[in-house]
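Student: One structure is given below, represented as structure tokens, and several questions about it will come after.
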């Protein structure tokens, strides 16, 4: 794109009222033979926020001005097609390579920056530009737009200005959606299950209980880890079903194994669900376990999101007799002013500190500080991530109450848990059970 092309009269279409109209216009622009085209799909982030700031009329005028600025930036080699009120399809003809297409995207960004800054100093553009090349990526208009959409979504996900389509874009954007659908089916089909990891009393080696951990398996192999499928469940609005599944299975197992203490993780969204307390009460009553045999584990972040509501609900849960544990303690951002008001029975030291405490003095001091704080508030302490005897011995000297980790056992299904508990029936669970299998 040379300077003379930039100064040529821009070609700008009015907003299309339908996707079919856009495809028809694209067909016309892509009809030139022996020419490589780039389709740049330009999406404005938070257009409703801009509309709220400027007002409807001023925002509409700004979008029209942006279209003309984009046309001027691209020049005679390109055309600007409006898509809806706040998106733009920019066609650039005669693109030599990917760098040429990215240069066009940068010119669009600069044009937007100048126009929006002229509107008001506080208005800064956040554009996500997805680029698809014709004929490399597609020759049909609809397929080309689809590739550009995937690249734009990838740009938004990566917080980048512009991304040129490749297979990684499709995988990044589509795989979570596909996993989300598969996860919803897993919740109904039974491939979602609960495994249990023992918690050991350090002073005696006795089994103090287990933590219930969600697993998504297919033919015995993991489909995705919890850090992947739990956010999918939250986005799909399935956390109510997932939490009920976990709690119901956990208390059933507790009842079946003779009132075994069991802890269940609860997300921030579920804690603030209007039926949260009723769900806990129903599970306890359905399986007729002693409420004190159930512990709910929540992170600091789940509490501070709406601290007043969180503490009110946790107090109601504790009134039922259910215990409350603060998980991953030390990694959150809550201040001591919050901490002193948390209605909890125990805290769990995050494994990131425990794993390194033998070799890292800073992590050891962090563990010591958490234990000292817990003593001041009469809280029990569980150390996660205990993988060797040296770490366990140090935790014992420091006065930690409970330990959990691979030194004792990995998470296992209910059948293997029964076997493990039978092997530990002597009251001494300090053994690497996995090595005996």
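Residue numbers (the working numbering): 365 to 801.
Backbone N, C-alpha and C fix where the C-beta goes; we use that ideal spot for every residue, glycine too.
1. Compare the C-alpha of residue 784 against each of 454, 561 and 581 and name the closest.
2. Using the C-alpha atoms, what's the distance from residue 481 back to residue 383?
3. From this set, 591, 589, 772 and 551, which residue's C-alpha is nearest residue 748's C-alpha?
4. Using DSSP's beta-bridge definition, name the partner residues of residue 691.
5. Are residue 470 and residue 544 touching if we call contact CB-CB under 8 Å?
6. Report the rounded CA-to-CA distance for residue 630 versus residue 477, giving the unit in angstroms.
7. Using the Cβ count rule (16 or more neighbours within 10 Å means buried), how would you classify residue 667?
8. Using a Cβ-Cβ cutoff of less than 8 Å, which residues in the same chain neighbour residue 799 once the five nearest sequence positions on both sides are dropped?
9. Please report the straight-line C-alpha distance between residue 417 and residue 386, rounded to a whole angstrom.
10. Helix, strand or coil: which one does DSSP assign to residue 638?
11. Can you say whether residue 797 is buried or exposed, counting buried as having 16 or more other CB atoms within 10 angstroms of its CB?
12. So, at 8 Å on beta carbons, what are the nonlocal neighbours of residue 644 in its own chain, with the 5 sequence-adjacent residues on each side left out?
13. Only counting the same chain, and skipping five residues up and downstream in sequence, which positions put a Cβ closer than 7 Å to that of residue 442?
14. Pull up the CB-CB distance for residue 319 and residue 580, whole angstroms please, since I reckon it's below 8 Å.
15. What's the gap between the Cα of residue 730 and the Cα of residue 693?
16. Just the Cα atoms here: how many angstroms apart are residue 742 and residue 679?
17. In angstroms with no decimal places, state the Cα-to-Cα distance between residue 637 and residue 691.
18. Identify, in the order they occur along the chain, each residue of the same chain with its Cβ nearer than 8 Å to the Cβ of residue 521, setting aside the five sequence neighbours on each side.
19. Since residue 769 and residue 735 should fall inside the 8 Å C-beta cutoff, what is the C-beta to C-beta distance between them, to a whole number of angstroms?
20. In the DSSP assignment, find the beta strand (DSSP E) that holds residue 529 and state where it starts and stops.
21. Am I right that residue 775 and residue 577 are in contact with their C-beta atoms under 8 Å? What's the rounded C-beta distance?
22. Can you tell me the Cα-Cα spacing of residue 703 and residue 642, whole angstroms?
23. Return helix, strand or coil for residue 789, following the three-state DSSP convention.
24. Output the boundary residues of the beta strand (DSSP E) element that contains residue 494.
25. So is residue 516 buried or exposed if we call it buried at 16+ other beta carbons inside 10 Å?
26. Leaving out five residues before and five after residue 573 in sequence, what residues of the same chain have Cβ atoms less than 7 Å from its Cβ?
27. Taking buried to mean at least 16 other C-beta atoms within 10 Å of its own C-beta, is residue 439 buried or exposed?
28. How about residue 551 and residue 615: are their beta carbons less than 8 Å apart?
29. Given that a residue counts as buried once 16 or more other Cβ atoms are within 10 Å of its Cβ, and exposed if not, what is residue 511?
30. Apply the 10 Å Cβ neighbour rule to residue 494 and answer buried if 16 or more other Cβ atoms are within range, or exposed otherwise.
Tutor: Reading it off the structure:
1. Residue mapping note: residue 784 aligns to position 420 of the chain shown, counting from 1. Nearest option by C-alpha distance: 561.
2. Translated into positions along the chain shown, residue 383 becomes position 19. Translated into positions along the chain shown, residue 481 becomes position 117. Their backbone Cα atoms lie some 31 Å apart in a straight line.
3. Against the chain shown, residue 748 aligns to sequence position 384. Proximity to residue 748 across 591, 589, 772 and 551 peaks at 772, based on C-alpha coordinates.
4. Along the chain shown, read from residue 1 onward, the residue named residue 691 stands at position 327. Residue pairing by DSSP places residue 691 opposite 663 in a beta bridge.
5. In the chain shown, counting from the first residue as 1, residue 470 sits at position 106. In the chain shown, counting from the first residue as 1, residue 544 sits at position 180. The Cβ atoms of residue 470 and residue 544 do not sit closer than 8 Å to each other.
6. The residue labelled residue 630 in the question sits at position 266 within the chain shown. The residue labelled residue 477 in the question sits at position 113 within the chain shown. Rounded to the nearest angstrom, the gap between the Cα atoms of residue 630 and residue 477 is 43 Å.
7. One-based indexing of the chain shown puts residue 667 at position 303. Buried, because 16 or more other Cβ atoms sit within 10 Å of the Cβ of residue 667.
8. Working through the chain shown from its first residue, we reach residue 799 at position 435. Because the pLDDT at residue 799 is just 41, under 50, the model does not fix this residue reliably, and the value given afterwards should be weighed accordingly. Within the same chain, no Cβ atom closer than 8 Å to the Cβ of residue 799 is found once the five residues on either side in sequence are excluded.
9. Taking the first residue of the chain shown as 1, we reach residue 417 at position 53. Taking the first residue of the chain shown as 1, we reach residue 386 at position 22. Approximately 29 Å, taken between the alpha carbons.
10. Stepping through the chain shown from its first residue, residue 638 is reached at position 274. In this structure, residue 638 counts as coil in the three-state DSSP scheme.
11. For the purposes of this step, residue 797 is taken as residue 433 along the chain shown, with counting starting at 1. Only weak support is given to the placement of residue 797: the predicted model assigns it a pLDDT of 38, under 50, and the value that follows is read from those uncertain coordinates. Counting the other CB atoms within 10 Å of its CB gives residue 797 a total of 16 or more, which places it among the buried residues.
12. Taking the chain shown and counting its residues from 1, one reaches residue 644 at position 280. Excluding sequence neighbours, residue 644 sits near 611, 658, 660, 681, 684 and 686.
13. Taking the chain shown and counting its residues from 1, one reaches residue 442 at position 78. The answer, listed in chain order, is 454, 455, 456 and 457.
14. For the chain, the structure presents residues 365 to 801; residue 319 sits outside this window and is missing.
15. On the chain shown, residue 730 is found 366 positions in, with the first residue counted as 1. On the chain shown, residue 693 is found 329 positions in, with the first residue counted as 1. If I take the Cα positions, the gap works out to 11 Å.
16. Here residue 742 refers to the residue found at position 378 of the chain shown. Here residue 679 refers to the residue found at position 315 of the chain shown. Looking at the two C-alpha atoms, the distance is approximately 17 Å.
17. Here the question's residue 637 lines up with position 273 in the chain shown. Here the question's residue 691 lines up with position 327 in the chain shown. Between residue 637 and residue 691, the C-alpha separation is close to 19 Å.
18. For the purposes of this step, residue 521 is taken as the residue at position 157 of the chain shown. Once the five neighbours on either side are set aside, the close Cβ partners of residue 521 are 536 and 537.
19. The residue you call residue 769 lines up with position 405 of the chain shown. The residue you call residue 735 lines up with position 371 of the chain shown. That belief does not hold up - the Cβ atoms of residue 769 and residue 735 are roughly 17 Å apart, past 8 Å.
20. Start at 1 with the first residue of the chain shown, and residue 529 comes out as number 165. Premise fails: residue 529 is in no beta strand (DSSP E) and is neither H nor E.
21. Here residue 775 is taken as the residue at index 411 of the chain shown, counted from 1. Here residue 577 is taken as the residue at index 213 of the chain shown, counted from 1. Correct: roughly 5 Å between the Cβ atoms.
22. Taking the chain shown and counting its residues from 1, one reaches residue 703 at position 339. Taking the chain shown and counting its residues from 1, one reaches residue 642 at position 278. C-alpha separation (whole angstroms): 25 Å.
23. Indexing the chain shown from 1 puts residue 789 at position 425. Assigned with DSSP and collapsed to three states, residue 789 falls in coil, not helix or strand.
24. Indexing the chain shown from 1 puts residue 494 at position 130. 491-498 is the extent of the beta strand (DSSP E) around residue 494.
25. Within the chain shown, residue 516 is the residue found at index 152, counting from 1. Per the 10 Å Cβ criterion, buried.
26. The count along the chain shown starts at 1 and reaches residue 573 at position 209. Annotation for residue 573: 563, 624, 625, 626 and 627 place their beta carbon closer than 7 Å to its own, counting only its chain and skipping 5 residues before and after.
27. Along the chain shown, read from residue 1 onward, the residue named residue 439 stands at position 75. Counting Cβ neighbours within 10 Å, residue 439 comes out buried, since at least 16 surround it.
28. As a position in the chain shown, residue 551 is number 187, starting the count at 1. As a position in the chain shown, residue 615 is number 251, starting the count at 1. The answer is no: Cβ separation not under 8 Å.
29. Against the chain shown, residue 511 aligns to sequence position 147. With 16 or more other Cβ atoms within 10 Å, it is buried.
30. Numbered from its first residue, the chain shown carries residue 494 at position 130. Looking at its Cβ environment, which holds 16 or more other Cβ atoms inside 10 Å, residue 494 is buried.
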